[in-house]
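Okay, so here's the structure we're looking at.
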Amino acid sequence: MISVDQLVVSFGGFELFKGISLLVSPKDRIGLVGKNGAGKSTLLKILAGHQLPSSGVVSVPTDVRLGYLPQHMEIVDGRTVFEEAVTSFEEILSLERRIEEINHEIATRTDYESEEYHRLLDHVTEFNDRFHMLGGNNFEAEVERTLLGLGFIRSDFQRQTSEFSGGWRMRIELAKILLKRPDVFLLDEPTNHLDIESIQWLEDFLKSYNGAVVLVSHDRAFLDAVTNRTIEITLGRIYDFKSNYSRYLVLRKDLKEQQMAAYVNQQKMIEDTESFIARFRYQATKAVQVQSRVKALDRLERLEVDDEDNSALRIKFPAALRSGTVVAEAKELSKSYGKLNVLHKIDLIIERGEKVAFVGKNGEGKTTLARVIMGELEHQGKMKLGHNVKIGYYAQNQANLLDEDLTVFQTIDKIAVGEIRTKIRNILGGFMFSGDDVDKKVKVLSGGERSRLAMVKLMLEPVNLLVLDEPTNHLDMRSKEILKQALIDYDGTVIVVSHDRDFLEGLVNCVYEFKEKKVKQHLGGIYDFLIRKKMESMKELEKKNLPLNQGVKTQKTDEVEKLSFDERKEINRNFSRLEKNIQRNEQDIADLERKIEEMDKTMVQINDSDASIFKKYDQLKKDLEHKIYEWEVLHEELEELQKKKTW
255 MISVDQLVVS FGGFELFKGI SLLVSPKDRI GLVGKNGAGK STLLKILAGH
305 QLPSSGVVSV PTDVRLGYLP QHMEIVDGRT VFEEAVTSFE EILSLERRIE
355 EINHEIATRT DYESEEYHRL LDHVTEFNDR FHMLGGNNFE AEVERTLLGL
405 GFIRSDFQRQ TSEFSGGWRM RIELAKILLK RPDVFLLDEP TNHLDIESIQ
455 WLEDFLKSYN GAVVLVSHDR AFLDAVTNRT IEITLGRIYD FKSNYSRYLV
505 LRKDLKEQQM AAYVNQQKMI EDTESFIARF RYQATKAVQV QSRVKALDRL
555 ERLEVDDEDN SALRIKFPAA LRSGTVVAEA KELSKSYGKL NVLHKIDLII
605 ERGEKVAFVG KNGEGKTTLA RVIMGELEHQ GKMKLGHNVK IGYYAQNQAN
655 LLDEDLTVFQ TIDKIAVGEI RTKIRNILGG FMFSGDDVDK KVKVLSGGER
705 SRLAMVKLML EPVNLLVLDE PTNHLDMRSK EILKQALIDY DGTVIVVSHD
755 RDFLEGLVNC VYEFKEKKVK QHLGGIYDFL IRKKMESMKE LEKKNLPLNQ
805 GVKTQKTDEV EKLSFDERKE INRNFSRLEK NIQRNEQDIA DLERKIEEMD
855 KTMVQINDSD ASIFKKYDQL KKDLEHKIYE WEVLHEELEE LQKKKTW
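Numbering (my numbering), first residue to last: 255 to 901.
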């Protein structure tokens, strides 16, 4: 469907692509991966025809339709959401108008036997057939299904697009592309502005889609669910793996080891050859051999090794100033936008050193509460910050707020004060901006590079409360892991708004769930929260609404309401411990049942005189009975604990 042959892209002497070739076939689900700045977005732009390469050929058959979603786009307002989405059906709308015009003309003519009249009848029949073939009778229902799947509600359909935030307007553009049913989707980080429910819907849509998909994403779960092929871009070259992302990591590790071994062998050969040349250069009897080896070195294609291990993102947040024990406290806090009530009489307390996550569906008030804590929004009720609290805020659109006409160095130099100005290049080097990178203008940076630069700005001033709203958007996998470790090591307080389960796991010790204008606290990590919600992944957060004590009707008593924070924490700890023990127990039971099943097959074939086999078989049976008894005891303990957990 798309053929790329010997593609070269150069920027001022730097080669981004060094003659890469690839083929996109029907049914391909390709994930483009690589470090920020490796050229993933550039390759998508070239495939979409939005950018020309320095050399090489990109071939796309004329009958192949492309649907391209860039990271950033200019959106024209003036229509409602539904009207904007319907523009995807341009041919259907044009046919509908033409059919109406012809029907009106036929109705007003009386020359029934004329050649022109019969020509009109032929045209209207032809247009009607085409209209029905394109799904003209149900395209509005298709628009509705797609908009609902991407998180819009029916009352949004008649709202002007200008009323929506950048993230929601990006969804409108995504809806238009999906509705066009292109032969090849070219999607640049499509999940960045989606909540969990919409990500799941998009996954299901792309998995069952009849065309090809080429996408850039830093969401590991999304890549694993959608892709069947992974293309890594590194050092101007590509490596093509017929696998999803997780399998690619294993295969890439093996390839890296082979690449390193070949590199070491080649370096040894070059060293030996250069030594021979230096040793016999001036000996006439060796002249032919020396010249032969000189030419061999000139022809040699030098191997390179990916420098990912040498250019790691090194982040260390400044030591946090000591704040009061209570960092932020809300009492009966409410927030409305006109008639839209987002938060209603919520209470919460965040203490010094806590690392908490705000999770939930888009529009449920996570960013709103973050901005209230920042003091950016008026509200009803009380929001009080603790003694000596200094806040550092990373907004969802922080990377887009940078001045595009400044260079990387100028961006930081403009805000740096005092001694720190002498260390700007060192700081930028720690964020993978080295050498000539610091002289690049912001306008040419990738989304991930902009996000890293915005993070540098955040770190220049010591704070003790970090409020991070979707900080991992646009960051590559490696950068996300290193940012996560830096936050784990940070001795201040962290509030992070995120849908990224892998990023939150091991980082946060408390989860606030935003739902139906309320905020509910869940002590423990993100997986503890998911287990208690009886979900397997964050994707189910907005698909299910299972209460913790499903099927168990309990009434809150005054005694339970008065449980102290420490008592609730202890109950949560025991609850988590029991559930983990039950999981291990169930795994043991499954293993024993498998072993017994294998023994059953073995005993059919052995001689009755082999007593050791029967002895081992009996022991397995006893072990299984014991494990089942343990499972029953653990469940009884869990049920007793559930009766206490009613907050």
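Virtual Cβ for every residue (Gly too), placed ideally from N, Cα, C.
Since this is a predicted model, take the numbers as computed values, not measurements.
Please classify residue i: does DSSP put it in a helix, a strand, or coil?
{"i": "S866", "result": "helix"}
{"i": "Q454", "result": "helix"}
{"i": "I487", "result": "strand"}
{"i": "A584", "result": "strand"}
{"i": "K636", "result": "strand"}
{"i": "Q537", "result": "coil"}
{"i": "Q652", "result": "helix"}
{"i": "N595", "result": "strand"}
{"i": "E344", "result": "helix"}
{"i": "D812", "result": "Only weak support exists for where D812 lies, its pLDDT of 40 falling under 50; the value from the coordinates is given anyway. In the structure shown, D812 sits in a helix (DSSP, three-state: H, G or I)."}
{"i": "T661", "result": "strand"}
{"i": "D552", "result": "helix"}
{"i": "F687", "result": "coil"}
{"i": "Q325", "result": "coil"}
{"i": "D259", "result": "strand"}
{"i": "E893", "result": "helix"}
Relative to the alpha-carbon of residue i, which residue among the options has its alpha-carbon at the smallest distance?
{"i": "T484", "options": "I284, L777 and R755", "result": "I284"}
{"i": "V581", "options": "L720, H326, K281 and L551", "result": "L720"}
{"i": "L623", "options": "M713, I600 and V542", "result": "I600"}
{"i": "R556", "options": "K774, G321 and Q520", "result": "Q520"}
{"i": "V613", "options": "Y499, Q414 and G779", "result": "G779"}
{"i": "L276", "options": "V262, G465, E354 and E394", "result": "V262"}
{"i": "G640", "options": "E618, R606 and G646", "result": "R606"}
{"i": "A292", "options": "L433, K771 and L729", "result": "L729"}
{"i": "F381", "options": "M709, N392 and I356", "result": "I356"}
{"i": "D449", "options": "L441, R425, L433 and L440", "result": "R425"}
{"i": "E884", "options": "D842, A538 and K769", "result": "D842"}
{"i": "L874", "options": "A844, E891, S588 and D552", "result": "A844"}
{"i": "L404", "options": "H447, N680, V698 and E770", "result": "H447"}
{"i": "E396", "options": "L587, S368 and I431", "result": "I431"}
{"i": "M523", "options": "L551, K496 and L832", "result": "L551"}
Quick check: the Cα distance between residue i and residue j, rounded to an integer number of angstroms?
{"i": "K507", "j": "L682", "result": "29 angstroms"}
{"i": "K299", "j": "V470", "result": "12 angstroms"}
{"i": "Q545", "j": "S688", "result": "39 angstroms"}
{"i": "W455", "j": "A516", "result": "44 angstroms"}
{"i": "A573", "j": "A611", "result": "21 angstroms"}
{"i": "R786", "j": "M255", "result": "47 angstroms"}
{"i": "K620", "j": "H753", "result": "11 angstroms"}
{"i": "I678", "j": "Q664", "result": "10 angstroms"}
{"i": "D383", "j": "T362", "result": "23 angstroms"}
{"i": "M686", "j": "E852", "result": "54 angstroms"}
{"i": "D657", "j": "L714", "result": "17 angstroms"}
{"i": "D690", "j": "L594", "result": "49 angstroms"}
{"i": "K855", "j": "I882", "result": "23 angstroms"}
{"i": "L976", "j": "E840", "result": "This structure cannot speak to residue 976, because the chain is shown only from 255 to 901."}
{"i": "L737", "j": "S705", "result": "11 angstroms"}
{"i": "L320", "j": "E344", "result": "15 angstroms"}
{"i": "L503", "j": "L597", "result": "42 angstroms"}
{"i": "L509", "j": "C764", "result": "40 angstroms"}
{"i": "R535", "j": "A466", "result": "57 angstroms"}
{"i": "I353", "j": "Y371", "result": "14 angstroms"}
{"i": "I531", "j": "R547", "result": "7 angstroms"}
{"i": "V710", "j": "T296", "result": "24 angstroms"}
{"i": "S264", "j": "V692", "result": "18 angstroms"}
{"i": "V330", "j": "V311", "result": "33 angstroms"}
{"i": "H889", "j": "R838", "result": "13 angstroms"}
Count the other C-beta atoms from every protein chain shown that fall within 10 angstroms of the C-beta of residue i, then say buried if there are 16 or more, exposed otherwise.
{"i": "S462", "result": "exposed"}
{"i": "N616", "result": "buried"}
{"i": "R474", "result": "buried"}
{"i": "Q804", "result": "Per-residue confidence for Q804 stands at a pLDDT of 40, beneath the threshold of 50, marking its modelled position as unreliable; the derived number appears in the next sentence. Its Cβ having fewer than 16 others within 10 Å, Q804 is exposed."}
{"i": "I604", "result": "buried"}
{"i": "G578", "result": "exposed"}
{"i": "I669", "result": "exposed"}
{"i": "E886", "result": "exposed"}
{"i": "I627", "result": "buried"}
{"i": "H776", "result": "buried"}
Compare the C-beta of residue i against all C-beta atoms of chain B and say whether one is closer than 8 angstroms.
{"i": "Y366", "result": "The structure shown contains no chain B; it is built from a single protein chain."}
Shorter than 7 angstroms, the distance from the beta carbon of residue i to the closest heavy atom of the ligand GTP, or not?
{"i": "G285", "result": "The ligand GTP is not part of this structure, which contains no ligands at all."}
TODO: For the stretch 277-304, list the beta strand (DSSP E) runs that are entirely contained and at least 3 residues long, ordered along the chain.
DONE: With a minimum length of 3 residues, the continuous beta strand (DSSP E) runs that stay inside the stretch 277-304 are 283-287.
TODO: With a floor of 3 residues, list each beta strand (DSSP E) that falls wholly inside the stretch 734-788, ordered by position along the chain.
DONE: Qualifying beta strand (DSSP E) stretches, in chain order: 747-751, 764-769 and 772-777.
TODO: Can you check the stretch 403-443 for any alpha helix (DSSP H) of at least 4 residues that lies completely inside it and give the ranges in chain order?
DONE: Entirely contained in the stretch 403-443, the alpha helix (DSSP H) runs reaching 4 residues are, in chain order, 420-433.
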